[in-house]
Amino acid sequence: MATDTLKSKPGAQGATGGGRRLLLENGALTALIVLVIAMSVLSGDFLTADNLLNVGVQAAVTAILAFGVTFVIVSAGIDLSVGSVAALSATVLAWSATEAGMPVALAVVLAVATGIACGLVNGFLISYGKLPPFIATLAMLSVGRGLSLVVSQGSPIAFPDSVSHLGDTLGGWLPVPVLVMVLMGLVTAFVLGRTYIGRSMYAIGGNEEAARLSGLRVKRQKLAIYAFSGLFAAAAGIVLASRLSSAQPQAAQGYELDAIAAVVIGGASLAGGTGKASGTLIGALILAVLRNGLNLLSVSAFWQQVVIGVVIALAVLLDTLRRKAGATAPAAGAGGGGRGRQALTYVIAAVVAVAVVGATSLLHGGSSDGRTRKVGLSLSTLNNPFFVQIRAGAEERAEKLGVDLTVTDAQNDASQQANQLQNFTSEGLSSIIVNPVDSDAAGPSVRSANKDGIPVIAVDRGVNDATTSALVASDNVEGGELGARALAEKLGGKGTVVILQGQAGTSASRERGAGFAAGLKEYPGIEVVAKQPADFDRTKGLDVMTNLLQAHPGIDGVFAENDEMALGAIKALGSRAGKSVQVVGFDGTPDGLQAVRDGSLYASVAQQPRELGRIAVENALRAADDEKVEKMVKVPVKVVTKENVAGFEG
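Heads up: the sequence shown is residues 9 to 658, going by the numbering used here.
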């Protein structure tokens, strides 16, 4: 055996081999310790008590999802649907308790049952339908997300207060999501190590045919395994929605990849047969520490994605090396010696962690002293020219005023933005500027900043149920009305139009759409024949517009809720754009203004995004210095056409 071979080697060689084996068996734990040391040395804000609790909270949802995925991966399966199932379960709970008027307890049961039902469908398709796990769960990913949007009508639903306490703290300092994460981890460890179904998972993952021949009812076991995954996804969705105080139909997008990454980083093999709850927890913590630390170090959100990808690749490489060396994670039910060795490893790791805490505390002497004026800017996305212009304006003014500005990209993920705002708060910044992904979801994090005395400036969109020193924004509703008026007058008050909507659930899309609808009431001769979401994306705008033209080839006009979708629509219309079909966009981005100059885009409702960024930074500094700040700072919108585009500056 590999162990005997290592022991038989003399002297230093045996010691080297033993050390190598120890590192291979505990690679994830070693990586976590190294990461903690590195982040502690690089940032004095990392090892503060508040920030370490932030790391735990930020790891919680991923860890809970990953615990469920652990069951699947141990049995040599895959589940790509957990993010969508989490969103669907949370949406069902919120809808049941509010719109349907069900008792909260019954709504919680229904949400959990929804998660289990989705898991059972996955298991049935895989076991009895003979579909590959990748295909079956990919289909559920789409179905779950679609049902979430159907139930919510594309808008966030407020979460019941009694359940929202899951996102609070006990005693004012211990986060409930961390407690839920620990509880679900203990359940996972118990199921894997102490139950018949847990042993069955390892057997199926090791050799499914051998497991079947030995008498295991593999098909039924797989039903249970995927049901477990759905159950844990439902729990994760409830915890996530509790943190945001609302069920977001677009929540947890991409979380299935983080969950799978956490399991693999934690030592499980995608080939099946190995994996444990403690390793999965460590994997989730590694991802959380990476994101938290990189935020504190002001690393670009784009580079953060690169770093996470490299870590995942290294984890799979380590898994390959471990299997080649014969060092595998101990399976459930391993002997007492193995458990004792594992416990000793964790004790040593704890001692190292304590030593690091002491050393870095002496090195940094606590967190940042605040002598340099630091401002954090959390943008909903940087995958849109409008918000890139806001960043450019903010950075321009920050540099002129000598301000250290940290910019983060939430990637249209409300929970990721909540994490970023928590990181800003733990850094003790002078002030925070937030462009909310969702006005309701940003509330809890902004309230946390309020509690710590950090002024918050909202830009472009407001924050609900929290105090902001100022809102620097254009009026989206007014802009929608102006867009309707411009398009209707260009069409002479009659004709048919289609609407390209933004991302479902976002306040910008709702407000611009509502304003456009209100503006069209003055023009009864204008008929809206279709409206479809294109997610503020140019490529989707092209595809959706192409499809709509098949059903409505004779349209006279298009209103797109941002310039990117308008440019996609122009591409679909070809030579008709600006001639037989008039297109109106929104935002006044550089590409949009160029299309106005070219004549293919009739008009853009321009918000002057650079000015939004500049004014937001100025107000953030005033608020930090306790100077008077206007609660509402309006940046006027303007309809830009070919006649006035030459004199317009964004």
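The beta carbon of each residue, even a glycine, is placed where N, CA and C say it ideally should be.
Asked: I need the DSSP call for Q540, collapsed to helix, strand or coil.; Found: strand
Asked: Along the chain, where does the alpha helix (DSSP H) that runs through M110 open and close?; Found: Where M110 is concerned, there is no enclosing alpha helix (DSSP H), given that its DSSP letter is neither H nor E.
Asked: Is G503 helix, strand or coil when you go by DSSP?; Found: strand
Asked: Straight-line CA distance for G213 to L128?; Found: 19 angstroms
Asked: Hey, how far is the Cα of W181 from the Cα of H173?; Found: 13 angstroms
Asked: Using the Cα positions of G281 and S83, report the straight-line distance between them to the nearest angstrom.; Found: 6 angstroms
Asked: Alpha carbon to alpha carbon, how far is C126 from A57?; Found: 38 angstroms
Asked: Leaving out five residues before and five after S304 in sequence, what residues of the same chain have Cβ atoms less than 7 angstroms from its Cβ?; Found: A quick correction: the sequence has Leu, not Ser, at residue 304. Excluding positions up to five away in sequence, the list reads S51, D53, F54, N431, E435.
Asked: Could you tell me which residues DSSP puts in a beta bridge with K382?; Found: D412
Asked: Buried or exposed: W103, going by 16 or more other Cβ atoms within 10 Å of its Cβ?; Found: buried
Asked: Assuming F594 and A285 form a contact by the criterion Cβ under 8 angstroms, report the distance between their Cβ atoms to the nearest whole angstrom.; Found: So it is not a contact: roughly 48 angstroms between Cβ atoms.
Asked: Please report the distance separating the alpha-carbon of F656 from that of K498.; Found: 20 angstroms
Asked: According to DSSP, simplified to helix, strand and coil, what is P393?; Found: helix
Asked: Within a Cβ cutoff of 6 angstroms, which residues of the same chain sit near G274, ignoring the five residues on either side of it in sequence?; Found: A36, G287, T288, I290, G291
Asked: Specify, as a first and last residue, the run of the beta strand (DSSP E) that V247 falls within.; Found: Run containing V247: none in the beta strand (DSSP E); it sits in the alpha helix (DSSP H), 226-252.
Asked: Grab me the residues of V415's own chain with a C-beta within less than 6 angstroms of its C-beta, minus the 5 sequence neighbours each way, in chain order.; Found: L385, R399
Asked: Exposed or buried, which one is K230 when buried takes at least 16 other CB atoms within 10 Å?; Found: buried
Asked: Spatial neighbours of T597 within its chain, please: CB distance less than 6 angstroms, with the 5 preceding and 5 following residues excluded, ordered by chain position.; Found: P393, F394, D571
Asked: Alpha carbon to alpha carbon, how far is A260 from L556? Give it in angstroms, no decimals.; Found: 29 angstroms
Asked: Going along the chain, which residues of its own chain have a beta-carbon closer than 6 angstroms to the beta-carbon of M573, five neighbours each way excluded?; Found: L508, A542, G549
Asked: Going by the beta-carbon positions, is the gap between T70 and A267 smaller than 8 angstroms?; Found: yes
Asked: Quick check on DSSP: helix, strand or coil for K646?; Found: strand
Asked: Alpha helix (DSSP H) containing A614: first to last residue?; Found: It is not in any alpha helix (DSSP H) - A614 instead sits in the beta strand (DSSP E) that spans 611-614.
Asked: Using DSSP with H/G/I as helix, E/B as strand and the rest coil, what is Q590?; Found: strand
Asked: Using only CA atoms, which one of R299, F167, I41 lies nearest to N59?; Found: R299
Asked: Y610: which of E626, F567, P617, V643 sits nearest, CA to CA?; Found: F567
Asked: I563 lies in the beta strand (DSSP E); which residues open and close that run?; Found: Here I563 belongs to no beta strand (DSSP E), and DSSP marks it neither H nor E.
Asked: Just tell me which of A457, V467, A426, S456 has its CA closest to the CA of V442.; Found: V467
Asked: Could you check the C-alpha separation between V591 and G600 for me, to the nearest Å?; Found: 11 angstroms
Asked: Can you tell me whether R153 is buried or exposed, with buried defined as 16 or more other CB within 10 angstroms of its CB?; Found: buried
Asked: Is it buried or exposed for F310, if we count other Cβ within 10 angstroms and need 16 for buried?; Found: exposed
Asked: Give, in chain order, every unbroken run of the alpha helix (DSSP H) that is at least 4 residues long and sits entirely within the stretch 166-217.; Found: 169-172, 184-202, 204-214
Asked: I think N484 touches G523, with their Cβ atoms under 8 angstroms apart; what is that distance to the nearest whole Å?; Found: 6 angstroms
Asked: What is the DSSP secondary structure of A255, counted as helix, strand or coil?; Found: strand
Asked: Comparing C-alpha positions only, which one of F142, E407, A68 sits nearest to A270?; Found: A68
Asked: Using the beta-carbon count (16 or more within 10 Å), is P644 buried or exposed?; Found: exposed
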